[in-house]
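One structure is given below, encoded as structure tokens.
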Amino acid sequence: MTTLDLPRSVLLALWLAQDGVDRTALARAVQADDEPHTVRAAVDGDDHVDGPLSLLLDVCGPGARDVAALVPAPGDASAAPPAVSAAATIAGEAVLVRSDLACVAAVPDVERFGSDLEPGHLVTWEVHGVADWRTSVLANAGSLADAERELRQGLVDATEALVRLDVARWRPDAAEQIATLRDTDLPAWRLPAGLEGRRVRVLASAARLRRIVALATQDDGGAVNLWQADQRSTALREVDRVARRAMAAAATTIAV
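So the sequence shown is numbered by this note's numbering: it starts at 144 and just counts up by one.
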């Protein structure tokens, strides 16, 4: 059965926010079918230290952590620190972590290899020291309640856009896939144990919406001219923005 997917940065942020993180479980959840991830951490200016994904835990040290996930796209008002803003937008994601020992941003550089039938991914997390990012993130991130409300409206908007796109007529395969998404969930093994139910609901709803947008925008469907195609694309981009914002809110943990 097909399951929903989340950006690597969202998964990593969820795990880094937990106390007493199981390093093996973290790596398994974030890496999934990828090749083992590498962390490249900048230290002392131009020097770097390379290591496995668990190196990020060593960089941040033990104890409580403030963690945020960013899922930006071009044109967004970004909460990313200037040092990684461009890279985060290109990657479409980033993780911010603040602890007593460090304040860093990590951006995944993903290299795809293999074929469409047997794809593979090499992932290197570029880690940089940054200034305290919490005020910026809090100013841009909404609450989980806001996220749930926006997702409900996003589903309405997506449904209306799909009707206008006439997906069922022009893309019956996509329409069938979209219909099955309502019964599709996040794989539990990729989420930390004991994760708040509301966060899980928001993450699942956001992942469904993003998948709907991806399926619907593979083709302009019933658009008969460029103006109609642009109008429908704009509507779906806004739905995707709502979903990305909700994902970020659900994967952000800041002690206030």
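We put the beta carbon where it would ideally sit given N, CA and C, even for glycine. Predicted model only: the values in this text are computed from it and were never measured.
6 angstroms Cβ shell around residue i - same chain, five flanking residues per side excluded
i	result
L369	Unreliable placement is indicated for L369, whose pLDDT of 49 sits below 50; the coordinate value is still reported in the next sentence. Cβ neighbours of L369 beyond the five flanking positions: none.
G297	L352, V382, V385
A389	A290, L294, V345, A349
T267	T181, R183, D252
A245	V202, C203
V299	none
Residue i: first and last residue of the uninterrupted beta strand (DSSP E) it sits in
i	result
W268	262 to 272
A249	246 to 257
Cβ neighbour criterion (16 or more within 10 Å) applied to residue i
i	result
H143	As displayed, the chain neither begins before 144 nor continues past 399, which places residue 143 out of reach and without an answer.
V345	buried
E236	buried
G281	The question names Gly, yet the displayed sequence has Leu at residue 281. Label assigned to L281: exposed.
D326	exposed
A220	exposed
E269	buried
D328	exposed
A234	buried
R166	exposed
L260	exposed
A229	exposed
Unbroken alpha helix (DSSP H) run spanning residue i, endpoints
i	result
V240	It is not in any alpha helix (DSSP H) - V240 instead sits in the beta strand (DSSP E) that spans 237 to 241.
G340	340 to 359
L159	151 to 159
S279	277 to 283
L196	Taken as a continuous stretch (DSSP letters only), L196 belongs to no alpha helix (DSSP H), as it is neither H nor E.
R166	166 to 174
Residues near residue i by beta carbon distance below 8 angstroms, same chain, minus five either side
i	result
D383	A216, L352, R353, V356
D123	Residue 123 lies beyond the range of the chain shown here (144 to 399); nothing can be said about it.
L338	L157
S286	A392
C-beta contact flag for residue i and residue j at 7 angstroms
i	j	result
L169	V182	no
W276	P224	yes
A393	R333	no
P251	R171	no
R241	D209	yes
W158	P335	yes
V173	L200	no
Beta-carbon proximity list for residue i, same chain, < 7 angstroms, skipping 5 on both sides
i	result
H191	R183, A184, A185
H271	A185, A226, V227, V247, A248
M144	Because the pLDDT at M144 is just 47, under 50, the model does not fix this residue reliably, and the value given afterwards should be weighed accordingly. Excluding sequence neighbours, M144 sits near nothing in its chain.
D177	H264, V266
Checklist entry - Which runs of the beta strand (DSSP E) spanning at least 3 residues fall entirely within the region 198 to 234, listed in chain order? => result 209 to 213
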